[in-house]
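Encoded as structure tokens, the structure appears first; notes follow it.
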Ligand code: RB5
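In the numbering used here, the protein residues as written are 81 to 232.
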């Protein structure tokens, strides 16, 4: 798979380690994040990475900020994006199986690198289950149609 990764200044080191891990798992990574600890704005990175996922530049995305929350909030403002904050591998598996999350996010100040790797692996190995879950995702997209203007 092709995977977009994005991060703010809280996570250049974790991003590098996750990029390496994702490559070891056999995937291609596109880096939309920053590579220094100079202060930057996570909404810009989250939106840019999310737009690229929504346009089909990659199969999915991984976003990292201090908590994973701010960057996922920004990503979720982009039409077609279902970004989920995960702090454990069970949640990461379920957000793929049930929510077909096309982006996961986590916090460099919340999880350690081994937990982050287990989150990434659980997400990448899981499959969307469809069925009743698809019907609920369709309902989310109905909300999106009325609440979010076309922004691609
Ligand atoms: C940056 O200090 C921090 O606010 C940001 O990385 C993130 O945690 C926001 O949700």
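Ideal Cβ positions, reconstructed from N, Cα and C, are used throughout, including at glycine.
Not one heavy atom of the ligand RB5 falls within 7 Å of the beta-carbon of residue 114. Between residue 122 and residue 154, the C-beta spacing is below 8 Å. If you draw a straight line from the Cα of residue 129 to the Cα of residue 143, it comes to about 8 Å. Inter-residue distance for residue 84 and residue 184 is about 11 Å (C-alpha atoms, whole angstroms). Note on residue 170: under 16 other CB atoms within 10 angstroms of its CB, so exposed under the neighbour-count rule. Straight through space, the alpha carbons of residue 87 and residue 112 are spaced by roughly 7 Å.
In chain order, 193 place their CB closer than 6 Å to the CB of residue 97, counting only its own chain and leaving out the 5 sequence neighbours on each side. Cα atoms of residue 135 and residue 179: separation of roughly 19 Å, rounded to the nearest angstrom. Look at the beta carbons and you see the stretch 212-229 not touching the stretch 187-202: under three pairs across the two are nearer than 8 Å. Per DSSP, the beta-bridge partners of residue 108 are 82. Following the DSSP letters along the chain, one finds residue 174 in no beta strand (DSSP E) but inside the alpha helix (DSSP H) bounded by residues 169-177. Following the DSSP letters along the chain, one finds residue 206 in no beta strand (DSSP E), marked with neither H nor E.
Under the three-state reduction of DSSP, residue 114 is assigned to coil, being neither helix nor strand.
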